[in-house]
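Working notes, beginning with the structure itself.
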Amino acid sequence: MIALENVTKRYGAQTVVDDVSVRFGEEGVTALIGPNGAGKSTLFGLVGRLVRPDAGRVTVDGTDVERTPSNELAKVLAVLRQDNHVAARLTVHDLVEFGRFPHSRGRLTVHDREHIERAITYLDLEAYRNRFLDELSGGQRQRAFIAMVLAQDTEYVLLDEPLNNLDLRHMTEIMRLVRTMADELGKRVVTVLHDINFAATWSDRIVAMRDGRVVADASAREIMRPEVLAAVYDTTVDVREIDGRPVALYYG
Amino acid sequence: MLTDPATTTSAPPATRRTRIATRWAQPGVRLAALGAAVLVLAAVYCCTDVPGSLAFALEIRSLSVLAMLVVAAAVGVSTVVFHTITQNRILTPSIMGFDAFYVLVSTVIVFSSGSASFLGFDQLTLWLVQVVVMVAFSVLLFTWLFGGRRRSIHLMLLVGIVLGTFFRSSTEWMQRMLDPLDFQVLSDAMFASLTRPDETLLLLTAVLVVLGCAAVVPLLRTLDVLTLGEPAAVGLGVDHRRVVMVLFASVSVMVAASTALVGPILFLGLVVANLAYSYAGSFRHVWTLPTAVLIGVICLLGGQLVLERVLGFGGTLSTVIDFAGGLFFLYLVLRKGAR
Numbered sequence: 001m002i003a004l005e006n007v008t009k010r011y012g013a014q015t016v017v018d019d020v021s022v023r024f025g026e027e028g029v030t031a032l033i034g035p036n037g038a039g040k041s042t043l044f045g046l047v048g049r050l051v052r053p054d055a056g057r058v059t060v061d062g063t064d065v066e067r068t069p070s071n072e073l074a075k076v077l078a079v080l081r082q083d084n085h086v087a088a089r090l091t092v093h094d095l096v097e098f099g100r101f102p103h104s105r106g107r108l109t110v111h112d113r114e115h116i117e118r119a120i121t122y123l124d125l126e127a128y129r130n131r132f133l134d135e136l137s138g139g140q141r142q143r144a145f146i147a148m149v150l151a152q153d154t155e156y157v158l159l160d161e162p163l164n165n166l167d168l169r170h171m172t173e174i175m176r177l178v179r180t181m182a183d184e185l186g187k188r189v190v191t192v193l194h195d196i197n198f199a200a201t202w203s204d205r206i207v208a209m210r211d212g213r214v215v216a217d218a219s220a221r222e223i224m225r226p227e228v229l230a231a232v233y234d235t236t237v238d239v240r241e242i243d244g245r246p247v248a249l250y251y252g
Numbered sequence: 001m002l003t004d005p006a007t008t009t010s011a012p013p014a015t016r017r018t019r020i021a022t023r024w025a026q027p028g029v030r031l032a033a034l035g036a037a038v039l040v041l042a043a044v045y046c047c048t049d050v051p052g053s054l055a056f057a058l059e060i061r062s063l064s065v066l067a068m069l070v071v072a073a074a075v076g077v078s079t080v081v082f083h084t085i086t087q088n089r090i091l092t093p094s095i096m097g098f099d100a101f102y103v104l105v106s107t108v109i110v111f112s113s114g115s116a117s118f119l120g121f122d123q124l125t126l127w128l129v130q131v132v133v134m135v136a137f138s139v140l141l142f143t144w145l146f147g148g149r150r151r152s153i154h155l156m157l158l159v160g161i162v163l164g165t166f167f168r169s170s171t172e173w174m175q176r177m178l179d180p181l182d183f184q185v186l187s188d189a190m191f192a193s194l195t196r197p198d199e200t201l202l203l204l205t206a207v208l209v210v211l212g213c214a215a216v217v218p219l220l221r222t223l224d225v226l227t228l229g230e231p232a233a234v235g236l237g238v239d240h241r242r243v244v245m246v247l248f249a250s251v252s253v254m255v256a257a258s259t260a261l262v263g264p265i266l267f268l269g270l271v272v273a274n275l276a277y278s279y280a281g282s283f284r285h286v287w288t289l290p291t292a293v294l295i296g297v298i299c300l301l302g303g304q305l306v307l308e309r310v311l312g313f314g315g316t317l318s319t320v321i322d323f324a325g326g327l328f329f330l331y332l333v334l335r336k337g338a339r
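One line per chain: the protein sequences are Y and C, in this order. Numbering of the first sequence is given in UniProt numbering, commencing with residue 1 and proceeding in unit increments. Numbering of the second sequence is given in UniProt numbering, commencing with residue 1 and proceeding in unit increments.
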């Protein structure tokens, strides 16, 4: 379990995460939603030990992330950040290999190579394995990064806006992948999403943040109500039922 | 579009040309070719154009070659490591004000006690003072801006730039007030020179550079992960702060030692590192670091040859390197812009 207990983070006078207590990491997919600046990425930063809390405690499987060796944590928790700009020219295979770093410290064993192959196959990247990352489309690149996270072979997977800059087809493709990672491989996925319809369609639980606080935490169906969404996003959102699924209409 | 290596190898009739091409793609082969080039250049430098006794020429010149190797190692390794830490390939450690600080210390000595005593100074003392002061300066800057809670590399770079500018303008101010003769002596000493190094100093510098490299070697694979950037590296279990501390410490020791030996020469690092990235054929530091060092030796040897045999000592090595390096830097910037 990933648990945050009364965690607060301030940047100067601004409180970006305000006394948050929340638990993640049950089986399935959890979506983290909320307007820009709600503190979602900072929350991920706190769990991924990129950001130190000013107050409170973050634990993963009962141990404090501040006191766990970084390498040990990397074996149970993988984080995919929002923008993954790489200065060097890496191939897809090079990138996926990095996923094994917490286990092998760069000296790959046969076991590591199996994980790499499996991740590449799982994300359907065999044809691109020797391509350089800057020669790939956005969707392929995102898949390569997810393959790296998969090769890391962790129980918990945190994805920060994995659908950024992707078109409709690739968004659906990535979400389907995330779902199967949870269902087939038993990953406990937490993902930041901006499109609440994607969140409602593919996740088991939705946690909504606003102004650094968790304002709603329930099943997708319970969150997908006009009054809840209006409170989260501070704008009117209509919700209709289409083919038995709640769909939010927010196009103005 | 680059050709896919997988398809190249699976192409049925492997012609001689493609076989050579695939073998050439191996970083090891490329590095070996570079090593051979260094040996040839070194032999040419040592054994040709000998005015008197060959043994004497060899003794003097092999010392110069050793100095070049030490300087190239210090400059090449520190620049590549610095690039990886800062995620920026058009910087050199000189942005932290290293060489500006070196020039400032020398200027202060000349300014306060005159060129006669500057020249009269014991070389070893001067070298030691320079090294200690430079390392102390960078460690202070580093622990202040990176060791604390703020932990920002960019802030550190920015403060480095500001301090570097401050050092340069203080230097300039003092140099304006200098006696022309003192100024002549000082500016002569501030051009990097690799011929006839002091043996003791060379040995001490070599020891420090070897120590610096020895600290980097266990972190080679970690450096590869650092190319992904701090967030990704932390996510992969790199203890970013500790690793960067170690790397930065070895960079400053190497840079300080080599600058104190031959003078400001960090610009070479920029050229050498960027050539190494495109030549090495791999992003891995196991390959890029030695490639950068060997390219550095080639630049220094080649520069020295041009200087001695073509220009007839009509200048200094740093002039040759700055001229060629400046052109290359412009090319780099323009190419980046064109992309």
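Beta carbons: idealized from backbone N, C-alpha and C, even for Gly. Since we're looking at a predicted model, the values are computed, not measured.
For asparagine 6 of chain Y, the enclosing beta strand (DSSP E) covers residues 2 to 11. At least one CB of chain Y lies nearer than 7 Å to the CB of glutamine 87 of chain C. Tyrosine 251 of chain Y and methionine 254 of chain C have their C-alpha atoms spaced approximately 59 Å apart. Within the stretch 194 to 223 of chain C, those residues whose Cβ lies closer than 7 Å to any Cβ of chain Y are, in chain order, Arg221.
Relative to valine 70 of chain C, the option among C:Ile298, C:Gly312, C:Val320 whose CA is nearest is C:Ile298. Here the alpha carbons of leucine 163 of chain Y and threonine 30 of chain Y stand approximately 15 Å from one another.
Around the Cβ of glutamate 161 of chain Y, a 10 Å sphere holds 16 or more other Cβ atoms; the residue is buried. Inclusion of leucine 46 of chain Y and proline 53 of chain Y in the CB contact set at 7 Å is warranted, their separation being smaller than that value. Close partners of alanine 78 of chain Y in chain C (Cβ separation under 8 Å): Gly235.
Fewer than three Cβ pairs drawn from the stretch 99 to 111 of chain Y and the stretch 260 to 276 of chain C lie within less than 8 Å of each other, which leaves the two stretches out of contact.
In the structure shown, arginine 118 of chain Y adopts helical secondary structure according to DSSP, grouped into three states. Listed along chain Y are Val86, Phe98, each with a C-beta nearer than 7 Å to that of leucine 228 of chain C. Around the C-beta of proline 197 of chain C, 16 or more other C-beta atoms lie within 10 Å, and the residue is accordingly described as buried. Taking all protein chains shown into account, aspartate 112 of chain Y has 16 or more neighbouring C-beta atoms within 10 Å of its C-beta and is therefore buried.
Shown here, valine 80 of chain C sits in a helix according to DSSP, grouped into three states. Taking the Cβ atoms as the reference, leucine 4 of chain Y lies roughly 5 Å from valine 20 of chain Y, within the contact range of under 8 Å. For leucine 90 of chain Y, a Cβ of chain C is located within less than 7 Å of the residue's own Cβ. Under the three-state reduction of DSSP output, tyrosine 156 of chain Y falls in the strand class. The beta carbon of threonine 259 of chain C lies closer than 8 Å to those of Phe98, Asp99, Tyr102, Gln130, Met134, Ile265, Leu266 in the same chain, with the five residues before and after it left out. Within the stretch 265 to 283 of chain C, the residues whose Cβ lies closer than 8 Å to some Cβ of chain Y are Tyr277, Phe283, listed in chain order. Put simply, the CB of valine 50 of chain C is far from chain Y, with every gap to its CB atoms at 7 Å or more. Just so you know, the alpha carbons of aspartate 183 of chain Y and tyrosine 122 of chain Y end up roughly 14 Å apart. DSSP places serine 112 of chain C in the uninterrupted alpha helix (DSSP H) bounded by 98 to 120.
Nearest in C-alpha terms to asparagine 6 of chain Y, of all of Y:Ile223, Y:Thr191, Y:Ala127, Y:Gly212, is Y:Gly212.
Listed in chain order, the positions of the stretch 36 to 51 of chain Y with a beta carbon within less than 9 Å of a beta carbon of chain C are Gly45, Gly48, Arg49, Leu50. DSSP places threonine 59 of chain Y in the uninterrupted beta strand (DSSP E) bounded by 55 to 60. Listed in chain order, the beta strand (DSSP E) runs fully inside the stretch 188 to 229 of chain Y are 188 to 192, 205 to 210, 213 to 219, counting runs of at least 3 residues. With a 10 Å radius around the Cβ and a threshold of 16 neighbouring Cβ atoms, tyrosine 45 of chain C comes out buried. Here leucine 294 of chain C is near leucine 34 of chain C, since their CB atoms are less than 7 Å apart.
Secondary structure at serine 152 of chain C: coil, using DSSP grouped into helix, strand and coil. Non-local C-beta neighbours of valine 228 of chain Y in its own chain, meaning closer than 6 Å and more than five positions away in sequence, comprise Ala216, ordered along the chain.
In the assembly as shown, valine 333 of chain C is an exposed residue. Its beta-carbon has fewer than 16 other beta-carbons within 10 Å.
The three-state reading of DSSP puts valine 50 of chain C in coil, since its state is none of H, G, I, E or B. Contact between the stretch 310 to 330 of chain C and the stretch 240 to 250 of chain C is absent: fewer than three C-beta pairs spanning the two stretches fall below 8 Å. Collapsing the DSSP output to three states places leucine 330 of chain C in a helix.
Taking the beta carbon of valine 225 of chain C as reference, the chain Y residues within 9 Å of it are Phe98, Phe101, Gly106, listed in sequence order.
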